[in-house]
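Notes for the one structure printed next.
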Amino acid sequence: MDLHRCRFVPYPPSAINALAFSHPSARTKQHAALSRLAVGRANGDIEIWNPLAGAWHQETVLRSGADRSVDGLVWVTEPDEDLGGSANQTIPGRSRLFSIGYTSAVTEWDLAAGRPARHASGQHGDIWCLAAQPPASPSDPVTRLVAGTIDGVLALYSIEDGDLRFQRLLVKSPTKKAQMVSIAFQSRHVVVVGCSDSTLRAYDMRNGSMLRKMALGADLVGGAKDIIVWSVRVLPSGDIVSADSTGQVCFWDGKTYTQMQRIQSHRQDVLSLAASADGTAIMSGGMDRRTVLYKKTSGANGARWGKVWSRKYHEHDVKAMASFESAKMSVVLSGGPDASPVVLPLKELGRENHRTLPSLPQTPPLASAPSARLLVSWWDREVHVWKLQNSFDGLYGASGDDVADKDLDKNRKLLKTILVKGESNITSAAVTADGSLLIVSTATAVKAFHLRHDGNPAKPSDVRLASVSVPEPLASGGASKVLVSPDGAWIVAVQDGSKTLVAAVSRDDDNSIAIQNPRVANRLRRNIPKHQALGGLGNYERSIAHLAFAPDSRMLAAADLAGFVDTWILSDAAPEENASDSEDSSNEDEETAASAGEARWIRNPNAALLPKLPAPPVVLSFSPSSEEPTLVAVTISWHILAFHPSTGSLTPWSRRNPLSRLPATIRDTRDLAKGLLWQGPRAWIYGVSFLFMLDLSLDLSPPASSTTDPETALVHASSSHGTKRKRKGPDSGAGARMAVGSIVPAQVDRLVGSKAGKQWHDDIEKATSAEADAMEIDGADADSASDSDSEEALENLRNQDTQTEEGADGKTRWWYTYKYRPILGLAALSASSSGDGAEQQPLEAVLVERPIWEVDLPERYFGANEWER
């Protein structure tokens, strides 16, 4: 594969402002399966992550709009309902998500539809903090939210009966000088609020009276008159923990409201706190980028809190924290302006590594028009259309020698920048193979643009942009996903999360484009128990996550988060469908076929034979084979399954090559796959940190012979290197177990006064840039055969570079590399060959990287004697 390695595509990741788990302490397996993480970002988007026992799958992104932000998140989970009877069935309580964004409104989100469900606001200022009032008993539902505002007001919002409405003002500040910055409930009737005037205040929820004001004094070190209490947590014992702008973490007695202890653990403001479910461990994060762990230690004066761990995991402030514990997981999530969530082990901190989740989206915001060599990228409300002038061979030549940077800069050209009208951010986009039709969707609208060009545009004036009329059912409803068929004759859009619309595209003699009225493609009704659909996340797992067209544009497939796959075929005569088999009801207008001639989309007769995937899918794609259509799905557990949708059966290759035959390094890769490109039978699968090739025309080595493979043998033998290796036993949901000696104090340079000296630090700093650079090695060096085979394999393993395996006939079975990272996406610039011939046509593609060091971050705090590498 010929790769254009690009970093010019703009995609600025947005800062993390809020983190929240739906079930912070999952008591049962059912609750653990329903647990979700909500990540609120500064651009107003909310990401929904599934922990999945440490897999951390970004399932969906709830898009917001212009000039909006998410600064607080609250999950409300209703109590479980026991149905009784011999089956002992239980309806899990429904989970509802609420957000605030430094406005006077509270927003509830519809996860299944992927859009706001309702808003409510009252007669008060901007809301800075939000919390849910605990119920009177575990069997009672949560009925109220409490919001703290910038003008010192506590406002009550009712969420009874699935509604959201402003109820009344509980507390009014007479001076309006004390902003309500943070909030936490001590009990159902007592709420503790952290303020901006050096105080914490405890209020009675029944009458709004202030029970106690806890003073912090003045910030003598920082020079500020008042201390800001950025975060408040209440432990199960009733004791209160606060974090403030002086860098101190204070512990308060929950009965007397007096200060028991304070620890100066940070050099600047402490912005976030997280606590374990049993209250025995606390974590704090601050502007000095440090994350600190506290635990109770016994002594002569009784049990006291002490700082037991400190380390820098982030490149910027640690603004938000949230903890999650279940039978198999015990982690703390943290985030800030560096945009990457960090997973920290809670109970196993010091024995397990942390894990940094990608800041880039799971669904790549890229599309390509191979015939015109166009690359389309989007973020927020902007769409960029790029042109790569020369092919790989024309740019590098047959020898593949390096070219000058100026030649590379001239090879790319920004043809068009489109700013989508409206306030909603872009949810999806698609372009035809010839680059003539561009479809852009938001949560509220679907827009189409005609790109008029001669087939090989070289400059912006070569492309004329015109709007294309979109039918009202498609235009006004918005869409979470859109896709264009390979022949450009069909558009498919997903509305309300699970409703699939298909519209035909017609072209006149003057090359004008018209989009016909869409038709609903009915999905199969799945056998899902009603007690599961009525509780938990509702129909959220039936949301369509992936769409795929067959290469001949005569078959369409859709996969949802639950692992169900629906397929439709293009038929010249559509038979009548049984409405009872349809999951979505539709009226006569929706049933009107949007067809080119008599062509209509009908449900695949053998669609019900396709099995449910063993895990949620992350990739869905049709192979370019000219024979029977083959659908390939990749799941989060690295099951690579190939189906024949026409017959509803697995392919012989999938039956002969189960998960156990995959290379050990691929099976143990924690990052999930993001996309797939085809080169004949070769599937190029990529994720944020890897590129993996698998030839589906060749069988993999059986597990019994894996020990003879030098790569696999080294993976099993390597336990002391900081490289990819086979996992040893279960972990708590963050990184792998630490190697022996990995937390030995490191010797660092420190400038004291005017003299430079050596000093041993007990805390663990981040890896040096030299160690980070050692993770990459030039591909040409990796291919040299000057060293022995064992030394070369060991060097490749240490550097996490290219690994490969060949079969007996000399053909490469699989290949992978960690050389490219972090990968935003991969888009083809040449059409996929069917691979039926003896020779494979080279695949030309664009690989887009977005390293964090090229992202413009806001200024951060620099401490004394701190050096920037």
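The opening residue of the sequence shown carries number 107 in my numbering; numbering runs sequentially from there. Don't be surprised by glycine CBs; every beta carbon is placed ideally from N, CA and C.
{"Query": "Own chain partners of Val248 with C-beta closer than 6 Å, once the 5 adjacent residues on each side are dropped", "Result": "Val182, Ala238 and Pro241"}
{"Query": "contact_flag[the segment 604–617, the segment 117–134] where n(CB pairs < 8 Å) is 3 or more", "Result": "no"}
{"Query": "Start-to-end residues for the beta strand (DSSP E) that takes in Leu168", "Result": "His163 to Leu168"}
{"Query": "Same chain only: Cβ atoms within 6 Å of Leu179, ignoring 5 sequence neighbours per side", "Result": "Ala124, Ala126, Ala144, Gly146 and Ser205"}
{"Query": "Per DSSP, cross-strand counterpart(s) of Ala148", "Result": "Bridge partners of Ala148: none, in fact."}
{"Query": "Of the residues Glu153, Val167 and Ala409, the one placed nearest Lys587, counting alpha carbons only", "Result": "Val167"}
{"Query": "Own chain, CB closer than 6 Å to Lys718, minus 5 neighbours either side, in chain order", "Result": "Gly669 and Phe670"}
{"Query": "Whether Leu158 touches Ile772 by CB criterion (8 Å)", "Result": "no"}
{"Query": "Counted within 10 angstroms of its Cβ, other Cβ atoms place Leu520 as buried (16 or more) or exposed", "Result": "exposed"}
{"Query": "Ser429 beta carbon less than 8 Å from that of Val438", "Result": "yes"}
{"Query": "Selected residue, minimal CA-CA separation from Ala473, among Tyr419, Ala549 and Ser936", "Result": "Ser936"}
{"Query": "Extent of the continuous beta strand (DSSP E) run through Glu214", "Result": "Ala211 to Asp216"}
{"Query": "Span of the alpha helix (DSSP H) around Phe796", "Result": "Segment: none, Phe796 is in no alpha helix (DSSP H) and carries neither H nor E."}
{"Query": "Beta-carbon proximity of Val574 to Ile532, cut-off 8 Å", "Result": "no"}
{"Query": "Residues near Ser892 in its chain [Cβ-Cβ closer than 7 Å; skip 5 each side]", "Result": "Residue confidence for Ser892 is low, a pLDDT of 39 falling below 50, so the modelled location carries little weight and cannot support an answer."}
{"Query": "Distance, His745 Cα to Glu912 Cα", "Result": "21 Å"}
{"Query": "Rounded distance between the beta-carbons of Ala308 and Val296, thought under 8 Å", "Result": "6 Å"}
{"Query": "When Ala721, Thr753 and Pro244 are compared against Thr736, the one with the closest alpha-carbon", "Result": "Thr753"}
{"Query": "Under the three-state DSSP convention, the category Ser567 falls into", "Result": "helix"}
{"Query": "Neighbour-count burial assignment, Phe728, 16 or more Cβ in a 10 Å radius", "Result": "buried"}
{"Query": "Beta-carbon proximity of Asp777 to Ser795, cut-off 8 Å", "Result": "yes"}
{"Query": "Span separating the alpha-carbon of Pro758 from that of Ser803", "Result": "10 Å"}
{"Query": "Whole-angstrom C-beta distance between Ala585 and Ala599, which should lie under 8 Å", "Result": "4 Å"}
{"Query": "Proximity winner among Arg200, Ala219, Tyr363 and Ala445, relative to Glu266 (alpha-carbon distances)", "Result": "Arg200"}
{"Query": "Pick from Val376, Leu756 and Ser170 that is closest to Leu716, judged by C-alpha positions", "Result": "Leu756"}
{"Query": "Counted within 10 angstroms of its Cβ, other Cβ atoms place Lys780 as buried (16 or more) or exposed", "Result": "buried"}
{"Query": "Length at least 3, wholly inside the segment 570–595: the beta strand (DSSP E) runs in chain order", "Result": "570–574 and 587–590"}
{"Query": "Buried versus exposed call for Val115 [16 or more other C-beta atoms within 10 Å across all chains shown]", "Result": "buried"}
{"Query": "Residues of its chain near Ser938, where Cβ-Cβ distance is below 8 Å and the 5 sequence neighbours each way are ignored", "Result": "Pro657, Pro730, Leu783, Trp784, Gln785, Gly786 and Leu949"}
{"Query": "Rounded C-alpha distance that separates Ile545 from Thr462", "Result": "33 Å"}
{"Query": "DSSP three-state assignment for Arg250, whether helix, strand or coil", "Result": "strand"}
{"Query": "C-alpha gap between Ser649 and Ala409, whole angstroms", "Result": "50 Å"}
{"Query": "Neighbourhood of Arg558 by C-beta distance below 6 Å, restricted to the same chain and skipping five residues each side", "Result": "Arg570"}
{"Query": "Close Cβ partners of Ala934 (< 6 Å) along its chain, the five nearest in sequence each way excluded", "Result": "Ser474, Pro476, Leu783 and Ala951"}
{"Query": "Status (buried if at least 16 other CB within 10 Å, exposed otherwise) for Met661", "Result": "buried"}
{"Query": "Straight-line gap, Ser304 to Arg479 (C-alpha atoms, nearest Å)", "Result": "60 Å"}
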